[in-house]
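S.K.: The structure that follows is given in the form of C-alpha cells.
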Amino acid sequence: MIINHNIAALNTLNHLNAATNAQSKAMQKLSSGLRINSAADDAAGLAISEKMRSQIRGLNQATSNAQDASSLAQTAEGALNETTDILQRMRELATQAANDTNTTDDREQIQKEMNQLTSEINRIGNTTEFNTQKLLDGSKTTGRSATSAQVASGDISSLLSQDLSYLSEISVNGQEVTLTATKQLNGSAAALKVSDLVDALQKDINSVYDGKKNNGVQFTVEASADGKGITITNNATGSDSIVAISGASASTLGLANASATGTDESKGLKFQIGANENQSITLKINDMRSVALGISSASAASGFTSALTVTDGTNDAEIEHALDVSSADSAAKAITTIDQAIKKVSTERANLGAFENRLDHTVNNLTTASENLTSAESRIRDVDMAKEMSEQMKQSILAQAAQAMLAQANQQPQQVLQLLR
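Under the numbering used here, the first residue of the sequence shown carries the number 3, and numbering increases by one thereafter.
Put into C-alpha cells, the structure is as follows:
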C-alpha cells in the first residue's frame, strides 16, 4: 500500500478529463450544428468543404447574374416591340400615301407623321437603357466591319494615318499575337515604309515565337516581292499560309491597291453564368435606330426626303432624311423599305427571345448544380444531430461515472490508517 502516489485516482482523473473534453466537443457540435467547427476537427474535410462553399456561392451569384441578363434582354425586346408597332404604322401610312386618291397636301401631312415616327424610333434606340447602359444604339455589338485603304507603292503612311486598329490581333499558326509594337506606328509623323511595318510585326511575332517557345518554331516577316505587301513564313516548313489577320483567311497582307479588312473586337455584353473563369456568354444587340434599319439616311439619297426632317429623338435638331412618301412611286418603294426594317427588328427580337429562353435553362441548371453541391457540402460539414446527441449523452454518463470513481479512489489511501491502530 502506498500513499505518495494515488495511481487509481490519476487513472480515473485522466478518464474524467477525456470524457469531459469529448462532452464539450459534442456540445459544441450540437450548438453550432456543424461537425467541423475548426480545422482540428477534420483538416481535409474543412479544405474540401471550403472549396465547395466557394463553388456554391459562385453558382448562386451566377444564377442571379443570369436572371439579371434575362431582365436586360427583356428590356431590349420590350422596347423593340414598340419599334415594331411604329414600323407597322409607318407601313400603313406608306400604303396610304401610295394611293392616288391623296392630294399633294394629303401626302405632306402623311410625311409629317412619317418624320415624327422615324424620330421616335431614334429616341427608342438612343435612350433604351438597363442600369444606365444603352442597349439599342449599336454600342453592344461589333464595331465597324471593315476598313479599306489605298496605299502608294512601298509607303504605308496613308494606312497608318487611318489607324491600325483593324489589325487588333493576328493569329499565327493558331497562336494569337498581340500587336504592341505594330500599333506604336500609329500617328507617326514621318513617312513610313513597308519595312517599318515588317520590323514591327517581326518584333510582335517574336514575342510569341522566339525559338524557345512553341517547340522552337520561328517565323520570318518580310515584304513581298513587289514591295507592296507582307508575307509571314514558317521557317521550318516554308509555308506562308498560316496567318489569319483579324479573321481574314489570306496569308498575305496586301498594302497597295487592296483593302485592308478586319473586324473590331466585340463590344457585346458578357454575362458570367458560372462559378469559374471562362464560364460566360455574350449577347450582341444590333443598332436599332432608323439609319441602321434603312428608314432614314444621314445624307440625301434616292427614296428619302431632300430636306433634313428627322431628329435623334433626344432634341429638336433635324439631322437625318426620312423616307419620302411625297409621291405614289416613292411611297410604294417605302413600303418595301419598311418591310425590310420590320424583318430586321423581328430578327433581333427573335434573337433576344431565344437568348431569354436559353437563360431560363441556364438558371435551372445552376440552381440544380447549387442544390446538389450544397447537399455534398452538408454531408461533409454538418453534424448528425441524433448521432451527436447519443455521443454527448455517452460522454456525460462516462464523466459522471469517472467522478464517482475518483471519489472512491481518493478514499483508498485512508485504508492505511487501519494499520496504525
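Ideal Cβ positions, reconstructed from N, Cα and C, are used throughout, including at glycine.
What are the start and end residues of the beta strand (DSSP E) that includes residue 282?
M.R.: Unbroken beta strand (DSSP E) run through residue 282: 282 to 285.
S.K.: From what residue to what residue does the alpha helix (DSSP H) around residue 74 run?
M.R.: Per DSSP, residue 74 belongs to the alpha helix (DSSP H) from 45 to 99.
S.K.: Please classify residue 163: is it buried, with 16 or more other beta-carbons within 10 angstroms of its beta-carbon, or exposed?
M.R.: Per-residue confidence for residue 163 stands at a pLDDT of 49, beneath the threshold of 50, marking its modelled position as unreliable; the derived number appears in the next sentence. Exposed is the call here.
S.K.: What is the DSSP secondary structure of residue 7, counted as helix, strand or coil?
M.R.: It is coil, neither helix nor strand.
S.K.: With DSSP as the reference, please indicate the residues paired to residue 397 in a beta bridge.
M.R.: The partner list for residue 397 (beta bridge, DSSP) is empty, contrary to what the question assumes.
S.K.: Any contact of the segment 129 to 144 with the segment 369 to 386, i.e. 3+ C-beta pairs under 8 Å?
M.R.: The segment 129 to 144 vs the segment 369 to 386: no contact.
S.K.: By how many angstroms is the C-alpha of residue 356 removed from the C-alpha of residue 2?
M.R.: Residue 2 falls outside the range modelled here, since the chain spans only 3 to 423, and no answer is possible.
S.K.: Quick one: give me the first and last residue of the alpha helix (DSSP H) that residue 337 is part of.
M.R.: It spans 330 to 383 - the alpha helix (DSSP H) in which residue 337 sits, taken as one unbroken run.
S.K.: Measure from the alpha carbon of residue 199 to the alpha carbon of each residue in 315, 234 and 41, then state which is nearest.
M.R.: Among 315, 234 and 41, the Cα nearest to that of residue 199 belongs to 234.
S.K.: Excluding five sequence neighbours on each side, which residues of the same chain lie with their C-beta closer than 8 Å to the C-beta of residue 351?
M.R.: If we look at residue 351 and ignore the five residues flanking it on each side, its Cβ neighbours are 79, 82, 83 and 86.
S.K.: Take residue 276 and list the residues in its own chain whose beta-carbon comes closer than 6 Å to its own, dropping the five residues that flank it on each side.
M.R.: Counting only Cβ-Cβ distances below 6 Å, and skipping sequence neighbours, we find 64.
S.K.: Among 21, 15, 140 and 5, whose alpha-carbon lies nearest the alpha-carbon of residue 399?
M.R.: Checking every option, the nearest Cα to that of residue 399 belongs to 21.
S.K.: Whole angstroms is fine: what's the gap from residue 246's alpha carbon to residue 187's?
M.R.: Because the pLDDT of residue 246 is 43, which lies under 50, any placement of that residue in the model is unreliable, and the number read from its coordinates should be weighed accordingly. Their backbone Cα atoms lie some 21 Å apart in a straight line.
S.K.: With DSSP as the reference, label residue 279 as helix, strand or coil.
M.R.: Of the three classes helix, strand and coil, the one that applies to residue 279 here is coil, per DSSP.
S.K.: Within 10 angstroms of the Cβ of residue 322, are there 16 or more other Cβ atoms? Answer buried if so, exposed if not.
M.R.: Buried: at least 16 other Cβ atoms inside 10 Å.
S.K.: Taking residue 358 as the reference, give the member of 48, 284 and 290 with the closest Cα.
M.R.: Checking every option, the nearest Cα to that of residue 358 belongs to 284.
S.K.: Should residue 61 go down as buried or exposed, given a rule of 16 or more other Cβ atoms within 10 Å for buried?
M.R.: Label assigned to residue 61: buried.
S.K.: Whose C-beta lies closer than 6 Å to the C-beta of residue 128 among residues of the same chain, with five residues either side of it excluded?
M.R.: Within the same chain, residue 128 has close Cβ partners 139, 314, 315 and 316.
S.K.: Where does residue 202 land, buried or exposed, given buried means 16+ other C-beta within 10 angstroms?
M.R.: Per the 10 Å Cβ criterion, buried.
S.K.: In whole angstroms, what is the alpha-carbon distance linking residue 4 and residue 392?
M.R.: Taking the straight line joining both Cα atoms gives about 39 Å.
S.K.: State the Cα-Cα distance for the pair residue 389 and residue 271, rounded to the nearest angstrom.
M.R.: Those two C-alpha atoms are separated by around 51 Å.
S.K.: Below 8 Å between beta carbons: does that hold for residue 92 and residue 287?
M.R.: Going by C-beta atoms, residue 92 is not nearer than 8 Å to residue 287.
S.K.: Is it buried or exposed, residue 395, if we count other Cβ atoms within 10 angstroms and call 16 or more buried?
M.R.: Residue 395 comes out exposed.
S.K.: List the residues that DSSP assigns as beta-bridge partners of residue 323.
M.R.: Answer is 299.
S.K.: Any idea which residues DSSP pairs residue 236 with across the strands?
M.R.: Its beta-bridge partners are 221.
S.K.: Can you pull the DSSP bridge partners for residue 131?
M.R.: Beta-bridge pairing links residue 131 to 136.
S.K.: What residue range is occupied by the uninterrupted beta strand (DSSP E) comprising residue 271?
M.R.: Unbroken beta strand (DSSP E) run through residue 271: 271 to 274.
S.K.: Please report how far the alpha carbon of residue 407 lies from the alpha carbon of residue 8, in whole angstroms.
M.R.: Near 13 Å, if we compare the C-alpha coordinates of residue 8 and residue 407.
S.K.: May I have the straight-line CA-CA distance separating residue 73 from residue 365, to the nearest angstrom?
M.R.: Computed Cα separation, rounded: 13 Å.
S.K.: Roughly how many angstroms lie between the CA atoms of residue 98 and residue 130, to the nearest whole one?
M.R.: Each residue's Cα considered, the two are about 30 Å apart.
S.K.: May I ask you to report which of helix, strand or coil DSSP gives residue 143?
M.R.: Coil at residue 143, not helix or strand.
S.K.: Can you tell me whether residue 56 is buried or exposed, with buried defined as 16 or more other CB within 10 angstroms of its CB?
M.R.: Its Cβ having fewer than 16 others within 10 Å, residue 56 is exposed.
S.K.: With distances taken Cα to Cα, identify the nearest neighbour of residue 118 among 403, 298 and 418.
M.R.: When only C-alpha atoms are compared, the closest one is 298.
S.K.: Please classify residue 381 as buried or exposed, where buried requires at least 16 other C-beta atoms within 10 Å of its C-beta.
M.R.: Exposed.
S.K.: Would you identify the three-state DSSP class for residue 307, choosing helix, strand or coil?
M.R.: Here residue 307 sits in coil by DSSP.
S.K.: Tell me whether residue 312 sits in a helix, a strand or coil according to DSSP, three-state version.
M.R.: If DSSP states are grouped into helix, strand and coil, residue 312 belongs with the strands.
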